Amino acid sequence: MIKVTDLRCEYLRNPLGIDILKPRLGWKLQSDTRNEKQTQYRIMVATNKKLLEEEKADLWDSGIVKSDKNIHIRYEGKDIGSETKCFWKVRVWDKNGNPSEWSKIAHWRIGLLTDSDWKESRWIGEKKRRRARLLRKWFIHDYDPSPLLRKSFTLKTKPKNALIYITSLGDYELYINGEKIGNRCLSPEWTDYKQRIQYQTYEVESALLEGENAVGVMLGDGWFKGNLGPFGVLHNHYGVTRRFKMLLHIFYEDGTSDYVYSDEHWKIWEDGPIQMSDHFMGEVYDAKKEQRGWDQPDFNASEWKKVWVYDPPKAQIVAQMNEPIEIIEELTPIEVSEPNPGEFVFNIGQNISGFCKIHLNPSLVVEGAKVMLRHGELLNDDGTLYTKNLVVAKNEDIFLLDSNESRPFHPHFTYRGFQYVEVTGLKQGVKPPLDMISACSIGSNCEKTYEFESSHPDLNQLMKNIYWTQRNNMISVPTDCPQRGERMGWMGDTTGYAQTSMFMMDMGAFYSKWIKDIRDAQDELGRYPDFVPYPRNKVYKIMNFYCAPAWADCGVILPWLMYLNYADKEIIQDHYTSAKNFIDHLIKVNPDLIWTESIGHNYADWLNGDIVDLENYPEEGAAVPPDVFSTAFFAYSTRLLAKMAEIIGKDEEANYYTTMAEKIKNQFIKTFLDDNGIIKGDNQAGYALVLFFKLYRDGQKEILEKHLIRTLKEYDYRLSTGFLSTLPFMMSLTDAQHNNLAYDLLLSERVPSWLYMVRQGATTMWERWDGFVEGRGLRRPRMNSFDHFAFGCVGEWIYRVALGINYYEEEPGYKKIMIEPHPIRKIEWMRGTYTSIYGDINVGWNFSEKLLKINIEIPVNTTAQAKLPIHASEIVKEGNKEVENGESIKIIEKTTKNIIMELGSGAYEFQIILQNRQVNK
Ligand code: BGC
Numbered sequence: 000m001i002k003v004t005d006l007r008c009e010y011l012r013n014p015l016g017i018d019i020l021k022p023r024l025g026w027k028l029q030s031d032t033r034n035e036k037q038t039q040y041r042i043m044v045a046t047n048k049k050l051l052e053e054e055k056a057d058l059w060d061s062g063i064v065k066s067d068k069n070i071h072i073r074y075e076g077k078d079i080g081s082e083t084k085c086f087w088k089v090r091v092w093d094k095n096g097n098p099s100e101w102s103k104i105a106h107w108r109i110g111l112l113t114d115s116d117w118k119e120s121r122w123i124g125e126k127k128r129r130r131a132r133l134l135r136k137w138f139i140h141d142y143d144p145s146p147l148l149r150k151s152f153t154l155k156t157k158p159k160n161a162l163i164y165i166t167s168l169g170d171y172e173l174y175i176n177g178e179k180i181g182n183r184c185l186s187p188e189w190t191d192y193k194q195r196i197q198y199q200t201y202e203v204e205s206a207l208l209e210g211e212n213a214v215g216v217m218l219g220d221g222w223f224k225g226n227l228g229p230f231g232v233l234h235n236h237y238g239v240t241r242r243f244k245m246l247l248h249i250f251y252e253d254g255t256s257d258y259v260y261s262d263e264h265w266k267i268w269e270d271g272p273i274q275m276s277d278h279f280m281g282e283v284y285d286a287k288k289e290q291r292g293w294d295q296p297d298f299n300a301s302e303w304k305k306v307w308v309y310d311p312p313k314a315q316i317v318a319q320m321n322e323p324i325e326i327i328e329e330l331t332p333i334e335v336s337e338p339n340p341g342e343f344v345f346n347i348g349q350n351i352s353g354f355c356k357i358h359l360n361p362s363l364v365v366e367g368a369k370v371m372l373r374h375g376e377l378l379n380d381d382g383t384l385y386t387k388n389l390v391v392a393k394n395e396d397i398f399l400l401d402s403n404e405s406r407p408f409h410p411h412f413t414y415r416g417f418q419y420v421e422v423t424g425l426k427q428g429v430k431p432p433l434d435m436i437s438a439c440s441i442g443s444n445c446e447k448t449y450e451f452e453s454s455h456p457d458l459n460q461l462m463k464n465i466y467w468t469q470r471n472n473m474i475s476v477p478t479d480c481p482q483r484g485e486r487m488g489w490m491g492d493t494t495g496y497a498q499t500s501m502f503m504m505d506m507g508a509f510y511s512k513w514i515k516d517i518r519d520a521q522d523e524l525g526r527y528p529d530f531v532p533y534p535r536n537k538v539y540k541i542m543n544f545y546c547a548p549a550w551a552d553c554g555v556i557l558p559w560l561m562y563l564n565y566a567d568k569e570i571i572q573d574h575y576t577s578a579k580n581f582i583d584h585l586i587k588v589n590p591d592l593i594w595t596e597s598i599g600h601n602y603a604d605w606l607n608g609d610i611v612d613l614e615n616y617p618e619e620g621a622a623v624p625p626d627v628f629s630t631a632f633f634a635y636s637t638r639l640l641a642k643m644a645e646i647i648g649k650d651e652e653a654n655y656y657t658t659m660a661e662k663i664k665n666q667f668i669k670t671f672l673d674d675n676g677i678i679k680g681d682n683q684a685g686y687a688l689v690l691f692f693k694l695y696r697d698g699q700k701e702i703l704e705k706h707l708i709r710t711l712k713e714y715d716y717r718l719s720t721g722f723l724s725t726l727p728f729m730m731s732l733t734d735a736q737h738n739n740l741a742y743d744l745l746l747s748e749r750v751p752s753w754l755y756m757v758r759q760g761a762t763t764m765w766e767r768w769d770g771f772v773e774g775r776g777l778r779r780p781r782m783n784s785f786d787h788f789a790f791g792c793v794g795e796w797i798y799r800v801a802l803g804i805n806y807y808e809e810e811p812g813y814k815k816i817m818i819e820p821h822p823i824r825k826i827e828w829m830r831g832t833y834t835s836i837y838g839d840i841n842v843g844w845n846f847s848e849k850l851l852k853i854n855i856e857i858p859v860n861t862t863a864q865a866k867l868p869i870h871a872s873e874i875v876k877e878g879n880k881e882v883e884n885g886e887s888i889k890i891i892e893k894t895t896k897n898i899i900m901e902l903g904s905g906a907y908e909f910q911i912i913l914q915n916r917q918v919n920k
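All residue numbers for the sequence shown refer to numbering that gives the first Met the number 0, where the first residue is 0 and numbers rise by one.
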């Protein structure tokens, strides 16, 4: 029987406080039978659960809709307003017309849609800080303690429901009656606060009491005024005075309601225990400064001051509709050492982003001591903490104790990437227990969508490393790295990695938010900057961080990938004009169609071939010429724009951009590619890009592939590719039928290679191929992160080629799945899952001496075209039947190399009876 599961609203589960009045709904389907599909659905939406249980819908009853659609279905019910909680359920009918049970009831809640919905709430905060003038404003740091703000209020009874809407400039934490509300970190998260500020919604009835209550808010510097930027030493980008706005809406059982809001009646204490906080620098927490009970109703706040009230910022206040940054997991260290007396180094066993909770037992602490935690990714040879690659970031948390009580401490408004934490201030020689530290791994809590396992442990570790690197860097925006003073949303890194990221985690909501950030950051000329959010101030104006080829192109490529992976047509609709403005600008300023104008910086194929002191490895010659690089992306993005125009029905524009893309391609060929198929620069990256973007003359593919292989040979079969050409290189090898070489690269353990990193004990991806080389040591520390996702792009190759899970452009979102696994004897077995928007896609393969088993499972309501490798006249079985007689299998073609089949939904086990062959030799 068909079953409905996993109800989603705008990608999210039961979102609270959304500002889309007609959100899109979707669900997944399950069934034990093959070739199952949905033929009709019925959605019911009601203002309360009970109505729905009685099968009544006061908001919307879609009626029975004949459709196989189960994603992105727009709510078409009654108009709803702010704060409405909408409960919904759905049932579907299978291919034989049998109905499913009703799904479990899910919900969404509308947030505050207008200014007036915020009632009397005002922006309140600390005393106005003077904005330092000129350069001082950015360079001189003026850390202030985190202010505490509080208000007490009385409730006539315990409320039935209560909601808090809150946002701030500076990070906030929210408390009610002594309890922190929610599990969020670093709210309201990062946007360009001059344009858009997100608010969060919490259901807080369980924290409220009849009678006296208190609400408290604590503010930190955050992205708003803290250190930020590629150089890590600039701050105050968005402002200097920390403030917030909040509304608590209380609903009583008797139908009446009440409000508590941020207003002039709140009180403030400006010298709280957090004496300073900064994402890069860390936090100083002085327990002596605690105002114990400050967030409790019976607290005596007579010494507290009145708050300062501010005019609202000009920015738009919008609901946060992406997964919050949260503590995802708490890890206990695996070992502790004492390299110098009193210097304890805990090894977490995993490079993470976040902070530590430390339980301080005074019997272990030096009396009157300050306990300091320093964080780093590596150790020096002598076992002490290595911090050089943090550049300007300090990543230090300091706790000043005030009493003899044994208690936990943790920082509030800071995070960093680290595997090791050094603790000082403890008594010498007394080994602290491991569980003194609990390492909190934080990240935007997007669901994991991959499972991978194979007979090759290093490969498994590689996939795990890719996943962790992503998790550590998805901190409201896709950052480059979490440890050094940088942590920016560098767009080029995402251009190269985005597809892998979508295999690893559900990125629908996360990128929907970031694509808005990208639009906010676009300038009047249509230029996208190199990183997003982009504080648009004078410093950056001078720095020219705009229009870096491949970085800026992310503004076109990422929405396109959202369409391919999640069938999100709406994102194309919303973003099209922005992408068009970018391409139009490039066309305008580069009339000869070679992209040389309007480039702030051309990082080209970042970090390619950039390896020093490696035996038999050329130090020069790997870098792709900047104009080849830029024009290749220009051609590609223009082609994507044409496709976007077509999808949203702008046929004329589609024709125009198709013609333009063709012209750019021809110009590219004329300028950079000679008749012998030599690309300017003549190196791996160049051939990879030319082949991947198909920028060659008819009939030239083969010769280019020969050059691709030659350039690989010139490096003794090692890669010399960078952030943007590595995946194209791997995919081009596959396309050229050289998977054996691609597998060799994947499994190579020589520098530069993925498994070299793994062999060195990496638990995350390195920024540089040669971040560390045995015998040679570390690369210069200024730019040597061990937690950078870009080279994790090989995850895409593993998914699309080794497992063979591919989208199909004509039926995006994996409605139709192209499955083409590439089993290879060198790896005995491999299996992987991708949880698509329709559900789990599983592919596995397994060799035994005479048999190759291939398992495929695809979700209900999808179909697949599976292409399996066979040799000569090998027999293929499915289950215990000849494949020709298999259920829900339609053979499209069988040659001496492949069998191509159409599959209905469900699970299949194919068995290929091997006949004296070496698979994939
Ligand atoms: C970042 C990169 C980024 C680059 C731009 C670096 O400092 O870490 O990942 O894309 O700058 O060149």
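No residue lacks a Cβ here, since even glycine has one placed at the ideal position from N, Cα and C.
Note that the structure is a prediction, hence the values are computed from the model and not measured.
Buried or exposed for residue i, going by 16 or more other Cβ atoms inside 10 Å?
i	result
V429	exposed
L902	buried
E922	This structure gives no information on residue 922, because the portion of the chain shown stretches from 0 to 920.
V420	buried
I912	exposed
V44	buried
P548	buried
Measuring only from the beta carbon, is residue i closer than 8 Å to any heavy atom that is part of the ligand BGC?
i	result
E376	no
A551	no
G721	no
S784	yes
D170	no
C480	yes
M529	The sequence given here has Asp at residue 529, not Met. D529: yes, Cβ under 8 Å from the ligand BGC.
W605	yes
A865	no
W489	yes
E485	yes
Assuming residue i contacts residue j (C-beta within less than 8 Å), just tell me the rounded distance between them.
i	j	result
G219	I273	7 Å
N321	S511	7 Å
T861	Y807	The Cβ separation is near 10 Å, so there is no contact.
For residue i, which residues in the same chain have their Cβ closer than 6 Å to its Cβ, ignoring the five residues on either side in sequence?
i	result
I857	I816, I840, A863, S904
T383	P338
F152	N212, V259
A497	L557, L560
F279	N226, G231, A392, G484
Identify, in the order they occur along the chain, each residue of the same chain with its Cβ nearer than 7 Å to the Cβ of residue i, setting aside the five sequence neighbours on each side.
i	result
F615	With the sequence shown as reference, residue 615 is identified as Asn, and Phe is not the correct amino acid for it. The answer, listed in chain order, is D715.
L363	L425, K426, V429, P431
A314	Y192, K193, Q194, R195, I196
H140	H234
F667	T630, A631, A634, L694
N459	F451, E452, S453
Take residue i and list the residues in its own chain whose beta-carbon comes closer than 8 Å to its own, dropping the five residues that flank it on each side.
i	result
T331	L433, D434, I436, S437, A438
V568	As written in the sequence, residue 568 is Lys, which differs from the Val given in the question. Within the same chain, K568 has close Cβ partners H71, Y562, I646, I647.
Is it true that the stretch 882–891 meets the stretch 826–837, where meeting means three or more beta-carbon pairs spaced less than 8 Å apart?
Verdict: no, contact absent.
Could you say if the stretch 296–304 and the stretch 379–396 meet the contact criterion of at least three C-beta pairs nearer than 8 Å?
Contact between the stretch 296–304 and the stretch 379–396 is absent, because fewer than three Cβ pairs lie under 8 Å.
So, do the stretch 524–537 and the stretch 488–498 have three or more beta carbon pairs nearer to each other than 8 Å?
In this structure the stretch 524–537 touches the stretch 488–498; the number of beta carbon pairs closer than 8 Å is three or more.
Are the stretch 680–694 and the stretch 720–737 touching by the rule of at least three beta carbon pairs closer than 8 Å?
yes
Between the stretch 667–680 and the stretch 646–654, do at least 3 Cβ pairs fall closer than 8 Å?
no
So, does the stretch 10–23 touch the stretch 37–51, judging by three or more C-beta pairs under 8 Å?
no
Please determine if the stretch 106–116 and the stretch 234–244 are in contact, where contact requires at least 3 C-beta pairs separated by less than 8 Å.
no
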